[in-house]
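Number of protein chains: 2
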Amino acid sequence: MITIVVDAMGGDYAPVAPVEGICEAAAAFSDTRFIVVGDEQRIVELAKGRFPANVTVRHTDVVIAGEEEPVRAVRRKPDSSLVMAAQMVANGEADVMVSAGNTGAIMAAGMLVIGRLPGVERPALAPILPTFDGKGVLLLDAGATMDASAENLLTYAYMADAYVKHVLDIENPRIGLLNVGTEDSKGNAVVKQTFTLLSQSQLHFIGNVEAREMMAGCADVVVCDGFVGNVVLKLAEGIGIGLFSGIREALTSNLTSRLGAMLVGGRLRSLRNRYDWAEHGGAPFLGVNGGCIKAHGSSNPRAWFMALSQARKFIANDLLSKLSTAMEERNARISVPDHQYGDVER
Amino acid sequence: MITIVVDAMGGDYAPVAPVEGICEAAAAFSDTRFIVVGDEQRIVELAKGRFPANVTVRHTDVVIAGEEEPVRAVRRKPDSSLVMAAQMVANGEADVMVSAGNTGAIMAAGMLVIGRLPGVERPALAPILPTFDGKGVLLLDAGATMDASAENLLTYAYMADAYVKHVLDIENPRIGLLNVGTEDSKGNAVVKQTFTLLSQSQLHFIGNVEAREMMAGCADVVVCDGFVGNVVLKLAEGIGIGLFSGIREALTSNLTSRLGAMLVGGRLRSLRNRYDWAEHGGAPFLGVNGGCIKAHGSSNPRAWFMALSQARKFIANDLLSKLSTAMEERNARISVPDHQYGDVER
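Residue numbers (the working numbering), protein chains in the order written: chain A, 1 to 346; chain B, 1 to 346.
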């Protein structure tokens with residue numbers, strides 16, 4: 001039986017949205033147990049008797065806030081909903097945790113409480129970004145590490161390769177390096193170094209990829225550092241929101257356009273849904289030695305349901321052992337320098 | 001009289017698109033002279049007698065290609081259309097140059113041939129990115145420098161402040177720092193350092209800005225390094241192209257939707273036009289000691305016309321001396337370390 005532990009206190013709409021998402025997921029997946037961590041009274045009230053037998057609540061009133069310094073917060077608040085959830089994954093009570101809280105704090109809880117896979121210095125946040133061919137691209141790192149080294153980026157590529165193979169059923173994933181041009185010599189110092197490492201790797205490296213072509217679906221995986229990846233994610237979201245609200249406005253501005261909207265609305269809605277991050281679930285932290293999924297900070301009940309479905313799939317597909325095997329194979333081929341196992345820094 | 005020199009051999013549609021743009025601009029601006037540098041026979045052929053008296057052609061058949069190493073190409077090809085254009089600005093024959101060629105090569109020609117404003121170590125490419133409030137944001141650097149220092153980013157902010165004040169008529173421009181969160185402590189090492197420098201500056205610094213809010217119009221200027229800025233620019237473009245082609249498809253997929261499209265098409269087109277980079281002209285290299293404008297690589301005749309109009313405005317508004325004054329004022333307040341005047345590196 002799969003056990004998912006949910007930090008119900010993180011995200012913009014906590015605990016309302018996670019509780020709604022859990023109600024739906026628990027009804028849909030009777031083979032899965034859900035442990036909900038947070039303010040018990042509030043959670044039970046919100047559930048209004050809709051929690052089936054496969055949901056239990058674990059109480060805490062300690063929360064890590066969005067603006068807290070992640071590593072310090074995780075160290076000082078062992079009783080917070082986030083750290084309690086991570087502890088349950090660490091001690092085997094749960095298989096996977098889901099939180100919509102502060103990305104840095106989830107990363108710190110993943111690294112410090114659950115730990116890392118052998119050979120992984122820095123885990124990476126790996127969401128699927130919608131692309132216009134409808135297939136999506138795994139973008140990593142989307143914000144876990146700010147100053148990543150070329151070796152970090154190479155490790156991301158190996159993890160993504162294993163993940164995408166099994167999650168998206170792609171035999172030989174096309175791995176691209178996000179860059180400002182397609183020529184080999186482009187980029188900043190870290191990116192140029194990463195290009196060399198990826199070229200020498202066993203991966204199906206297709207070279208530098210520009211953001212424009214990434215959106216068209218030219219790669220299955222795109223590797224970048226966490227600063228760039230996070231900017232990309234938020235920009236893509238911001239443009240989607242802005243354009244679709246502009247479209248809505250255009251379609252409702254007067255009687256003529258409202259008439260037209262009745263005729264074309266359905267097709268435009270399906271375009272919007274394809275481009276909706278909420279449909280793509282959460283993003284795993286690849287490299288954490290346990291299931292660790294980040295739901296979007298603004299997750300609504302639907303996005304929560306999708307993130308919980310994804311967490312279940314992560315365990316059902318045994319992705320952790322597949323990632324672990326991929327890292328072992330990679331480690332066997334290279335000598336990993338000692339410093340890669342150093343302390344967590346911020 | 002304003003003199004604009006055009007490198008007619010750079011960009012995806014050269015020399016056809018620049019020639020068309022020049023025909024239109026030369027007719028519209030009789031107070032402006034245009035010098036067209038490139039393959040004379042080809043250019044004259046394409047102009048089909050439409051060049052008025054204010055257009056002259058300067059022949060060369062040497063071109064810098066997209067994939068050439070910029071600094072080396074500029075040094076080795078003094079007779080290329082790009083370097084000839086830069087030389088005309090350097091020796092005063094022209095006030096401003098426009099090219100749709102390789103960004104790196106234009107940057108190198110600007111720095112090596114035209115030179116830099118006092119106190120500027122690295123010029124910055126500064127396009128206006130469309131935002132959903134319709135006002136646009138000046139984003140810099142959009143790709144001139146790959147590994148920028150915090151001091152470089154601070155200089156970008158000072159130049160942008162002066163530029164936006166005079167070009168967009170904003171008295172006290174809101175200057176934001178592109179980051180992964182709004183909290184002061186966010187970002188990578190260079191961005192954190194830049195935050196400190198901007199906080200201590202005389203500028204109207206509004207703090208960290210996320211890409212989502214940037215698109216909504218929360219700042220007049222957004223500062224970032226050239227790697228990130230270039231990715232942002234291309235991503236914004238890629239998403240715009242993808243979504244609008246999705247919309248077009250949705251509106252033409254069957255008879256019903258085509259009927260609907262007749263009713264809403266006009267309003268959706270105006271949304272698309274607002275979001276169209278071609279309408280926003282080219283991007284100046286701020287910090288070059290002369291007018292130096294990059295037109296978009298895929299410029300069509302309309303985009304060329306807009307870029308030429310912008311080049312004219314750059315000189316008509318005396319922006320160079322305004323930028324120069326702003327830099328002098330800034331230099332007077334700080335001690336500029338010697339290494340800032342070092343050699344051009346790549």
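Quick reminder that beta carbons are idealized off the backbone N, C-alpha and C, glycines included. Note that this is a predicted model, so its numbers are computed, not measured.
Scanning its chain for C-beta atoms nearer than 7 Å, with the 5 sequence neighbours on each side dropped, one finds around B/Val55 the residues Ile22, Ala26, Phe34 and Val36, in chain order.
With contacts defined by Cβ atoms closer than 8 Å, A/Ala86 and A/Ala109 form a contacting pair.
Assignment of A/Lys48 by DSSP, reduced to helix, strand and coil, places it in the coil class. Per DSSP, the continuous beta strand (DSSP E) segment holding A/Asp7 begins and ends at Ile2 to Asp7.
Residue pairing by DSSP places A/Val137 opposite A/Leu129 in a beta bridge. Within chain B, no residue has its CB atom less than 9 Å from the CB of A/Lys77, the nearest being about 18 Å off.
For A/Gly281, there are no neighbours in chain B by C-beta distance under 7 Å, as the nearest C-beta there is about 20 Å away. Contacts between B/Val264 and chain A, judged by CB atoms closer than 7 Å, involve Ala250, Leu251, Ser257, Gly260, Ala261 and Val264 in chain order. Assignment of B/Arg75 by DSSP, reduced to helix, strand and coil, places it in the helix class. Annotation note: the region 60-120 of chain A contains the following uninterrupted beta strand (DSSP E) runs of length 3 or greater, listed N- to C-terminal: 96-99. The C-beta of B/Gly246 comes closer than 8 Å to at least one C-beta of chain A. Rounded to whole angstroms, the gap between the alpha carbons of A/Val74 and A/Ile64 is 8 Å. Setting aside the 5 residues that flank it on each side, B/Phe132 is surrounded in the same chain by Met215, Ala216 and Gly217, each with a C-beta closer than 8 Å to its C-beta; the list follows chain order. With fewer than 16 neighbouring CB atoms inside 10 Å of its own CB, B/Asp318 falls in the exposed class. Relative to A/Arg42, the option among A/Pro52, A/Ala28 and A/Pro18 whose CA is nearest is A/Pro18.
Rounded to the nearest whole angstrom, the C-alpha separation of B/Ala105 and A/Leu243 is 34 Å. Close partners of B/Asn188 in chain A (Cβ separation under 7 Å): Met146, Asp147 and Phe227. When the Cα atoms are used, A/Thr145 and A/Leu129 turn out to be separated by approximately 18 Å. B/Asn54 is not bridged by DSSP to any residue. Cβ contact annotation for B/Ile114 (same chain, cutoff 7 Å, sequence separation greater than five): Ala86, Val89, Ala90, Val288, Asn289, Gly290 and Cys292, in chain order.
Among the CB atoms of chain A, one or more fall inside 8 Å of the CB of B/Gly242. DSSP places B/Ile35 within a strand segment (E or B) once states are collapsed to three.
For B/Lys192, the enclosing alpha helix (DSSP H) covers residues Ala189 to Ser199. In the three-state reduction of the DSSP assignment, A/Asn208 falls in the strand class, which pools E and B. Restricted to the region 223-286 of chain B, the alpha helix (DSSP H) segments that are unbroken, complete and at least 4 residues in length are 226-252 and 255-274, listed in chain order. Linking A/Gly10 to A/Gly38 through their CA atoms gives a straight-line distance of about 9 Å. Between A/Leu112 and A/Lys294, the CB-CB gap reaches or exceeds 8 Å. Following the DSSP letters along the chain, one finds A/Cys292 inside the beta strand (DSSP E) bounded by residues Gly291 to Lys294. From the beta-carbon of B/Val231, the residues of chain A found nearer than 9 Å are Leu178, Asn179, Val180, Glu210, Ala211, Cys224, Val228, Val231, Val232 and Leu235.
Between A/Asn230 and A/Leu286, the alpha-carbon positions lie close to 16 Å from each other.
Beyond the five residues adjoining it in sequence on each side, A/Glu40 comes within less than 8 Å, by CB distance, of Val57, Arg58 and His59 in the same chain, given in chain order.
Shown here, B/Val288 sits in a strand according to DSSP, grouped into three states. Sequence-distant Cβ neighbours of A/Thr32 in its own chain, meaning closer than 8 Å and more than five residues away, are Met1, Ile2, Thr3, Ile4, Ala25, Ala26, Asn54 and Arg312.
Taking 7 Å as the upper bound on Cβ-Cβ separation, chain B lies near residues Phe132 of the region 111-132 of chain A. Against chain A, the CB of B/Gly143 has a partner CB under 8 Å away; the residue lies at that interface. Here B/Ile175 carries a strand assignment [DSSP, helix/strand/coil].
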